[in-house]
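Numbering (the UniProt record's numbering), first residue to last: 1 to 184.
All C-beta atoms, glycine included, are put in the ideal place defined by N, C-alpha and C.
Data block below; observations after.
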Amino acid sequence: MAVVLRLVRLMRPHAAWMTLAVLLAAIVGLAQVALMATAGWFITGMALAGAAGVTMNFFTPAAVIRGLAIIRTAGRYAERVIGHEATLRFVAGLRPWLFARLERGAPGNLRGRTDGDLLARLRGDIDRLEHAFLRVVGPLAAGLAIAVPSVLAMAAYDRRIAALAAVLLAVAGLVLPLVLLRAG
1 MAVVLRLVRL
11 MRPHAAWMTL
21 AVLLAAIVGL
31 AQVALMATAG
41 WFITGMALAG
51 AAGVTMNFFT
61 PAAVIRGLAI
71 IRTAGRYAER
81 VIGHEATLRF
91 VAGLRPWLFA
101 RLERGAPGNL
111 RGRTDGDLLA
121 RLRGDIDRLE
131 HAFLRVVGPL
141 AAGLAIAVPS
151 VLAMAAYDRR
161 IAALAAVLLA
171 VAGLVLPLVL
181 LRAG
């Protein structure tokens, strides 16, 4: 967790881009949840209406499903573009910052390593940091932004189901990754 917090501090200058990417990812996730809920309700409603021999307006739910699908698709595209823009800005600022810090101690801090070894290691580390927002920080923040309103919506219908969902989400999102991290 300390590593993630340090990463967030390094990302702070690009917080606006990253916040927008997380917000778009959350909108996409919520659109996916709403799409599944609407589609499930629609299929169930049509089945019950057919069994009861009554008519049902299928234009409105079909339009909602199409609208949510468009929001999901366009939102995912925008989230990817803005997330990558934020990542590239982060890496572009990180490289000069890192080399300025290393320049102060060079060449005395090489400790038996060649210049090429050090450069290869630095490039590898920076390349790994390139994916930190896209694969760690962003999905974690978006997941929280999706889980909280989803559980609150479930609580409006049944508090027990919402509590069970909250526990399962906590296990899947917090406990399981920590166990796997310790396992190696």
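Extent of the continuous alpha helix (DSSP H) run through residue i
i    : result
A52  : 15-52
L180 : 176-183
Buried or exposed by the 16-neighbour rule on C-beta atoms within 10 Å, applied to residue i
i           : result
residue 198 : Given that the chain is displayed from residue 1 to residue 184, the structure contains no residue 198 and the question cannot be resolved.
E103        : exposed
G40         : exposed
W17         : buried
M11         : buried
H14         : buried
V22         : buried
A141        : buried
G83         : buried
L68         : buried
G124        : exposed
residue 185 : What the structure shows of the chain is the stretch from 1 to 184, and residue 185 is not part of that stretch, so it cannot be assessed.
F90         : buried
Whole-number beta carbon distance between residue j and residue i, since they are thought to touch under 8 Å
i           : j    : result
I126        : L30  : About 33 Å separates the two Cβ atoms, so there is no contact after all.
R66         : V28  : 16 Å between Cβ atoms; not a contact.
L129        : L94  : 6 Å
L122        : L98  : 7 Å
V179        : A165 : The Cβ separation is near 20 Å, so there is no contact.
P61         : T38  : 6 Å
L24         : V137 : Their Cβ separation, rounded to whole angstroms, is 14 Å, which puts L24 and V137 out of contact at 8 Å.
T55         : A49  : 7 Å
residue 189 : M46  : The structure shown has nothing for residue 189, since the chain only spans 1 to 184.
G143        : G173 : 6 Å
Residue i beta carbon near the ligand MG (any heavy atom closer than 7 Å)
i    : result
R128 : Of the ligands one can find in the structure shown there are none, so the ligand MG has no counterpart to examine.
Where in the stretch 97-167 do unbroken runs of the alpha helix (DSSP H), each at least 4 residues long, occur, reported from the N-terminal end onward? Here the runs fully enclosed are 115-130, 138-157.
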